[in-house]
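The working numbering applies: residue 12 is where the sequence shown begins, and numbers increase by one.
Using N, Cα and C, we set each Cβ at its ideal position, and we do this for glycine too.
Model, not experiment: these values are computed from the prediction.
These notes are about the structure you will find just below.
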Amino acid sequence: MRLFYFAWLLVATSSTELAAQQLLGVPSQAASADGNSATWIPGCGESGTKQILVGAEHLSALHGHTIVGLVFRRDGAWLPALPSSTGHWTVKIGPCASDPNSPASDLAVNLPSSSEVFRGNVTLPGMPSTNGYAGWTSPHIVEITFSSGYPYSGGALAIEIDAALSTASAYFPMDAVGQEIRGTIDDLGVACGPRVAGFVRTALSSGAAFAPGATTQLHCLSSSGNATVACFGATLLPAPLDLTPLGAPGCSWYIDAFTSLGATPQESGVEGLGALGTVRLQVPSTAAVLGAQLYAQWLELGSTTFASSQAVRLTVGPQLPTLGMAQLERLSDGSVHVAPACGPVIGFRYL
Numbered sequence: 012m013r014l015f016y017f018a019w020l021l022v023a024t025s026s027t028e029l030a031a032q033q034l035l036g037v038p039s040q041a042a043s044a045d046g047n048s049a050t051w052i053p054g055c056g057e058s059g060t061k062q063i064l065v066g067a068e069h070l071s072a073l074h075g076h077t078i079v080g081l082v083f084r085r086d087g088a089w090l091p092a093l094p095s096s097t098g099h100w101t102v103k104i105g106p107c108a109s110d111p112n113s114p115a116s117d118l119a120v121n122l123p124s125s126s127e128v129f130r131g132n133v134t135l136p137g138m139p140s141t142n143g144y145a146g147w148t149s150p151h152i153v154e155i156t157f158s159s160g161y162p163y164s165g166g167a168l169a170i171e172i173d174a175a176l177s178t179a180s181a182y183f184p185m186d187a188v189g190q191e192i193r194g195t196i197d198d199l200g201v202a203c204g205p206r207v208a209g210f211v212r213t214a215l216s217s218g219a220a221f222a223p224g225a226t227t228q229l230h231c232l233s234s235s236g237n238a239t240v241a242c243f244g245a246t247l248l249p250a251p252l253d254l255t256p257l258g259a260p261g262c263s264w265y266i267d268a269f270t271s272l273g274a275t276p277q278e279s280g281v282e283g284l285g286a287l288g289t290v291r292l293q294v295p296s297t298a299a300v301l302g303a304q305l306y307a308q309w310l311e312l313g314s315t316t317f318a319s320s321q322a323v324r325l326t327v328g329p330q331l332p333t334l335g336m337a338q339l340e341r342l343s344d345g346s347v348h349v350a351p352a353c354g355p356v357i358g359f360r361y362l
């Protein structure tokens with residue numbers, strides 16, 4: 012009789028704890044509707060490290076509770092089926108020492124002290140095709156149950172996910188939100204050199220398009236073995252400078268440069284694209300730079316090559332981040348890409 016009572020008590024206690032577990036969707040505007048963007052999560056189709064910063068204004072319902080897991084859901088705008096993947100995940104969480112609207116570009120500065128809440132192998136089953144937003148329903152979610160709960164006592168949080176896949180990489184978009192604070196990047200003039208025939212423009216960009224507080228990457232289409240130099244100026248020349256006398260027939264120089272950054276071209280890994288010279292610019296998150304402009308132009312130098320890209324005008328976005336979220340990605344070369352005013356839609360499991 013006592014054994015029966017003890018077993019009943021265990022079941023009742025477990026059932027009560029399970030029933031008490033709740034889900035908080037962050038941010039609230041996407042808790043029950045598809046977010047306005049998409050992102051990637053390490054372990055979901057790709058290996059890598061990502062840090063997600065969440066402001067306290069999104070987490071008030073968690074105050075005094077214990078977080079026991081995280082849930083991410085697929086992007087509702089991506090309808091085709093998504094493949095299964097297997098990888099080793101490590102998840103850390105802790106107080107965020109930076110303002111999520113103005114994150115540091117150093118992961119350790121944002122998360123100086125953390126608790127490891129999960130480490131282990133994770134196999135994600137494939138997700139079938141959908142007709143649109145599927146919400147927080149299996150199998151269209153990725154859920155990590157913590158091995159130890161994290162008591163939340165207030166303040167901004169930083170979540171760091173590191174994952175190494177043992178299966179092939181694949182496109183796996185997860186639901187996300189983003190505040191539109193991007194600047195503009197406009198082409199000026201024309202490029203010249205051997206890569207123009209296939210691409211017309213040889214100066215390219217990726218990242219957050221000169222948003223305040225964000226990392227923008229500038230690229231130059233090049234060839235392995237050559238050198239590339241990104242030149243920067245505050246203004247354009249009164250008239251383009253013909254580079255023919257310098258051994259670059261058909262090339263023109265457009266900017267009044269005051270500084271430059273060299274970059275060794277690396278193979279992009281994208282079929283047909285070839286090598287890219289790349290520099291990264293970190294835009295300050297301050298009102299003083301809103302709307303500011305910078306001009307850039309590339310030179311490509313090689314034993315048989317002297318060419319220039321078109322010029323580009325970089326205009327900082329008109330608004331500072333206010334979303335209270337950010338995500339940072341550690342790139343393969345160890346550098347960090349900062350994307351403020353955006354982040355995955357997160358479900359916090361808590362007791």
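(request) Drop a sphere of 10 angstroms on the beta-carbon of residue 360, count the other beta-carbons inside from all chains shown, and report buried for 16 or more, exposed for fewer. (result) To locate residue 360, count along the sequence shown from 1; it is residue 349. If you draw a 10 Å sphere on the C-beta of residue 360, you find 16 or more other C-beta atoms in it, and that means buried.
(message) On the DSSP letters alone, give me the boundaries of the alpha helix (DSSP H) that residue 121 sits inside.
(response) Residue 121 sits at position 110 when you count from the first residue of the sequence shown. Here the alpha helix (DSSP H) through residue 121 covers 118-121.
(message) Measuring only the C-alpha atoms, how far is residue 305 from residue 262?
(response) Within the sequence shown, numbered from 1, the residue matching residue 305 stands at position 294. Within the sequence shown, numbered from 1, the residue matching residue 262 stands at position 251. Taking C-alpha positions only, residue 305 is separated from residue 262 by approximately 21 Å.
(message) According to DSSP, simplified to helix, strand and coil, what is residue 273?
(response) By 1-based counting over the sequence shown, the position of residue 273 is 262. Strand at residue 273.
(message) Going by C-alpha to C-alpha distance, which of 206, 107, 86, 201 sits closest to residue 283?
(response) Residue 283 sits at position 272 when you count from the first residue of the sequence shown. Looking at 206, 107, 86, 201, the one whose alpha-carbon comes closest to that of residue 283 is 206.
(message) Pull the bridge partners of residue 129 from the DSSP assignment, please.
(response) The sequence position of residue 129 within the sequence shown is 118, counting from 1. Answer by DSSP bridge pairing, in chain order: 102.
(request) Using three-state DSSP, classify residue 151 as helix, strand or coil. (result) Here residue 151 refers to the residue found at position 140 when the sequence shown is read from its first residue. Look at residue 151 here: in three-state DSSP terms it is coil, with no helix or strand label.
(message) I believe residue 272 touches residue 318 by the beta-carbon criterion, under 8 Å. Please report the beta-carbon distance rounded to the nearest angstrom.
(response) Taking the first residue of the sequence shown as position 1, residue 272 is located at position 261. Taking the first residue of the sequence shown as position 1, residue 318 is located at position 307. Actually they are not in contact, since the Cβ atoms of residue 272 and residue 318 sit about 18 Å apart, beyond 8 Å.
(request) Quick one: measure Cβ to Cβ for residue 153 and residue 55, integer angstroms, because I've assumed they're closer than 8 Å. (result) For the purposes of this step, residue 153 is identified with residue 142 of the sequence shown, where counting begins at 1. For the purposes of this step, residue 55 is identified with residue 44 of the sequence shown, where counting begins at 1. Between residue 153 and residue 55, the beta carbon gap of about 6 Å places them in contact (Cβ cut-off 8 Å).
(request) Mind listing, in chain order, the continuous beta strand (DSSP E) runs of no fewer than 3 residues lying wholly within the region 162-232? (result) Note on the region 162-232: whole beta strand (DSSP E) runs with a minimum of 3 residues are 168-176, 185-189, 195-199, 214-218, in chain order.
(message) Quick test of the definition: if touching needs 3 or more C-beta pairs under 8 Å, does the region 173-188 touch the region 70-79?
(response) Cβ pair count under 8 Å is below three, so no.
(message) Quick check on residue 260: buried or exposed, where buried means 16 or more other Cβ atoms within 10 Å of its Cβ?
(response) One-based indexing of the sequence shown puts residue 260 at position 249. Residue burial annotation: residue 260 is exposed, with fewer than 16 other C-beta atoms found within 10 angstroms of its C-beta.
(message) Measuring straight from C-alpha to C-alpha, what distance separates residue 27 and residue 362?
(response) The residue labelled residue 27 in the question sits at position 16 within the sequence shown. The residue labelled residue 362 in the question sits at position 351 within the sequence shown. Since pLDDT at residue 27 reaches only 41, below the 50 mark, its modelled position is unreliable, and the value read off the structure follows with that caveat. The straight-line gap separating the alpha-carbon atoms of residue 27 and residue 362 is approximately 11 Å.
(message) Contact defined as beta carbons within less than 8 Å: I believe residue 239 pairs with residue 311. What is the distance between those atoms, to the nearest angstrom?
(response) Within the sequence shown, residue 239 is the residue found at index 228, counting from 1. Within the sequence shown, residue 311 is the residue found at index 300, counting from 1. With a Cβ gap of about 5 Å, residue 239 and residue 311 count as contacting.
(request) Starting from the N-terminal side, write out each stretch of the beta strand (DSSP E) that is 3 residues or longer and does not extend beyond the region 276-346. (result) The qualifying runs are 286-293, 304-312, 317-319, 322-326, 336-341.
(request) Report yes or no: do three or more beta-carbon pairs, one from the region 95-103 and one from the region 197-204, lie closer than 8 Å? (result) Look at the beta carbons and you see the region 95-103 not touching the region 197-204: under three pairs across the two are nearer than 8 Å.
(message) According to DSSP, is residue 48 part of a helix, a strand, or is it coil?
(response) The sequence position of residue 48 within the sequence shown is 37, counting from 1. Three-state DSSP puts residue 48 in a strand.
(message) For residue 121 and residue 288, I'd like the C-alpha separation in whole angstroms.
(response) For the purposes of this step, residue 121 is taken as residue 110 along the sequence shown, with counting starting at 1. For the purposes of this step, residue 288 is taken as residue 277 along the sequence shown, with counting starting at 1. Approximately 29 Å, taken between the alpha carbons.
(request) Can you grab the Cα-Cα spacing for the pair residue 115 / residue 109, in whole Å? (result) Stepping through the sequence shown from its first residue, residue 115 is reached at position 104. Stepping through the sequence shown from its first residue, residue 109 is reached at position 98. Roughly 7 Å separates the two Cα atoms.
(message) Alpha carbons only, please: which of 338, 250, 202, 148 is nearest the one belonging to residue 44?
(response) Here residue 44 refers to the residue found at position 33 of the sequence shown. Of the listed residues, the one whose Cα sits closest to residue 44 is 148.
(message) Looking at the strands, I want to know which residues DSSP matches up with residue 253.
(response) Within the sequence shown, numbered from 1, the residue matching residue 253 stands at position 242. The partner list for residue 253 (beta bridge, DSSP) reads 263.
(message) My output table needs one value for residue 76: the three-state DSSP class, helix, strand or coil.
(response) Numbered from its first residue, the sequence shown carries residue 76 at position 65. In the structure shown, residue 76 sits in coil (DSSP, three-state: anything other than H, G, I, E or B).
(request) Please report how far the alpha carbon of residue 213 lies from the alpha carbon of residue 330, in whole angstroms. (result) As a working note, residue 213 is residue 202 in the sequence shown. As a working note, residue 330 is residue 319 in the sequence shown. One Cα belongs to residue 213, the other to residue 330, and the distance between them is close to 29 Å.
(message) In the DSSP assignment, the alpha helix (DSSP H) including residue 31 goes from what residue to what residue?
(response) By one-based count along the sequence shown, residue 31 stands at place 20. Where residue 31 is concerned, the enclosing alpha helix (DSSP H) starts and stops at 13-31.
(request) Determine the burial state of residue 227: buried for a count of at least 16 other Cβ atoms within 10 Å of its Cβ, exposed for fewer. (result) The count along the sequence shown starts at 1 and reaches residue 227 at position 216. Looking at its Cβ environment, which holds 16 or more other Cβ atoms inside 10 Å, residue 227 is buried.
(message) Please classify residue 84 as buried or exposed, where buried requires at least 16 neighbouring CB atoms within 10 angstroms.
(response) Sequence index remark: in the sequence shown, residue 84 carries index 73 (1-based). Residue 84 comes out buried.
(message) In whole angstroms, give me the CA-to-CA distance for residue 46 and residue 185.
(response) The residue you call residue 46 lines up with position 35 of the sequence shown. The residue you call residue 185 lines up with position 174 of the sequence shown. Residue 46 and residue 185: Cα-Cα distance of roughly 10 Å.
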